[in-house]
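Note that this note's numbering has the sequence shown beginning at 4, numbered continuously upward. Even for Gly, the Cβ is constructed at its ideal location relative to N, Cα and C. Here's the structure we're looking at; comments come further down.
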Amino acid sequence: MKAEYRFVPAYPDNPFISSLPKRLTAGELMEKIRSSIPPWDRSVQMSSVERLSHCNKIYEAFYPLHFAPTIYNLLYNGMIGSYAQKNSVKAIRQMTAIQNAIGRNQRPCTTTFSTQSMSCSILGISGIGKSSTIARILNLFPQVIEHTEFEGSPFFCKQINYLNVQCPSDCSVKAMCTDILLQIDRILGTEYAAKAVRRRQSVTLDALVAQLSQLCITHNIGVIIIDEIRNVLSASTKGGNHGRLVRFLVQLMNDTGICAVLVGTTEVGAFFDSEPHLARRTRGLRIGALEYGEPFYHLLAGLWQMQYTQFYQPLTDRMEGLLFEISGGLPACWHR
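Structure (structure tokens):
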């Protein structure tokens, strides 16, 4: 989309922050990402086959939980933190260091002027709805913004607010770089990934990482969400590439000032704490199963209206307790 600027008092001369959507309140956010299905009109008779077909509509419903505003603010603050560092002097220094590294077929070293990014982690029990909540929140932001003019002066560039990738199962740095390049190609219509594959015999991994750092700065990437980060655990037990991937992520944050959001299950938290370079960069949200209380009842009551049984059954305290016991407070279990 074309950039539409608004005045942001804290960053009056920053086109990247000025073009971001206005920050939503918690109430506004919950309303925007909520998706409910109208209850079945029981005055309309349906056969058992028709009712069974309608059951798939349950998957279209989405009731945001209490942690959604926290995730939204983590992502929004990540974009702000990345773009707050963007000024012409720093960008020129970063690009010069990276270009020199590419010429030497080496990895860049920009720690003398880089600023620590506002990276974080979102860890939660499997099935609680982390990834689906993140996906709906990201849809509130334009993925790419095109700038042509700012405050009366020419300003030609594109701004990629976020990329959403998955951690490779084997924690391969090359696979991660290629996936990010593919995402950039999909958004901008470029061919960075194809060119990298054609040159893979003559280009070292360090040079590939340097190229990726250059593209992150050139295309003004704000946040990279890395899902399934739990793969680092399985790779570590098998003696895999998890150490190289950790160093790559830290280097990418340092070189570009980009915000990396690591998403996975709670078991990864202990691994993060054991890695000195990651510990301070992976503080963030920890989500457990729903407790037996208001959030659980609110979600269950909404889904309960979507009954495609022949006879409607009201939600009783006994049924509520039974469903909590069966599901363990995990919404994903109800769909099954």
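For the alpha helix (DSSP H) that residue i lies in, which residues bound it at each end?
i      : result
Ile187 : 176 to 191
His245 : 245 to 259
Thr151 : No alpha helix (DSSP H) contains Thr151, which is instead part of the beta strand (DSSP E) from 147 to 153.
Lys133 : 133 to 141
Phe275 : 271 to 277
Arg54  : 51 to 57
Arg289 : Here Arg289 belongs to no alpha helix (DSSP H); instead the beta strand (DSSP E) covers 287 to 290.
Ser172 : Element bounds for Ser172: n/a, residue is neither H nor E.
Phe327 : 320 to 330
Lys161 : Element bounds for Lys161: not the alpha helix (DSSP H) but the beta strand (DSSP E), 156 to 163.
Gln214 : 208 to 221
Let's test the definition: count the other Cβ atoms within 10 Å of the Cβ of residue i and tell me whether it reaches 16, buried, or not, exposed.
i      : result
Thr28  : exposed
Met322 : exposed
Phe10  : exposed
Ser124 : buried
Cys2   : Beyond the ends of the chain as shown, which are 4 and 339, falls residue 2; an answer cannot be given.
Thr118 : Because Thr118 sits at a pLDDT of 49, beneath the cut-off of 50, its placement in the model cannot be relied upon, and the point is left open.
Gln313 : exposed
Leu215 : buried
Met256 : buried
Pro24  : exposed
Leu68  : buried
Arg26  : exposed
Arg233 : buried
Thr136 : buried
So, are the CB atoms of residue i and residue j less than 8 Å apart?
i      : j      : result
Ser85  : Val226 : yes
Asn167 : Ile228 : yes
Tyr66  : Leu302 : yes
His150 : Gln162 : yes
Ala64  : Ile36  : no
Val176 : Arg247 : yes
Gly81  : Val264 : yes
Ile140 : Tyr75  : yes
Cys219 : Thr268 : no
Leu340 : Trp337 : Since the first residue shown for the chain is 4 and the last is 339, residue 340 is missing from the structure and cannot be characterised.
Leu185 : Ala196 : yes
Phe158 : Val212 : no
Determine the closest residue to residue i out of the options, with distance taken between C-alpha atoms.
i      : options                        : result
Asp3   : Cys262, Arg139, Gln217, Ser237 : In the structure as shown, the chain starts at 4 and stops at 339, and residue 3 therefore has no counterpart that could be examined.
Ile83  : Asn17, Asp44, Ser330, Ile183   : Asn17
Arg284 : Ile20, Leu77, Leu32, Phe65     : Leu77
Ser56  : Cys336, Met309, Ser330, Glu328 : Met309
Arg289 : Ile131, Lys89, Arg54, Ala6     : Ile131
Tyr165 : Arg26, Val47, Ile148           : Ile148
Gln48  : Phe327, Tyr315, Glu328         : Tyr315
Glu7   : Pro15, Ser22, Tyr14, Ala13     : Ser22
Glu231 : Ser134, Tyr195, Ala292         : Ser134
Val271 : Asp258, Gln254, Val249         : Val249
Leu32  : Met121, Tyr62, Ser51, Phe144   : Phe144
Phe160 : Leu191, Val235, Ile61          : Per the sequence shown, the amino acid found at residue 160 is Cys instead of Phe. The option with the nearest alpha carbon to Cys160 is Leu191.
Pro12  : Met4, Pro42, Ala87, Ile40      : Ala87
In terms of residues, what are the limits of the beta strand (DSSP E) holding residue i?
i      : result
Glu297 : No beta strand (DSSP E) holds Glu297; the alpha helix (DSSP H) holding it covers 297 to 307.
Leu126 : 123 to 127
Val264 : 262 to 267
Val226 : 226 to 230
Taking only runs that begin and end inside the region 6 to 70, name each unbroken alpha helix (DSSP H) of 4 or more residues, in chain order. 18 to 21, 29 to 36, 51 to 57
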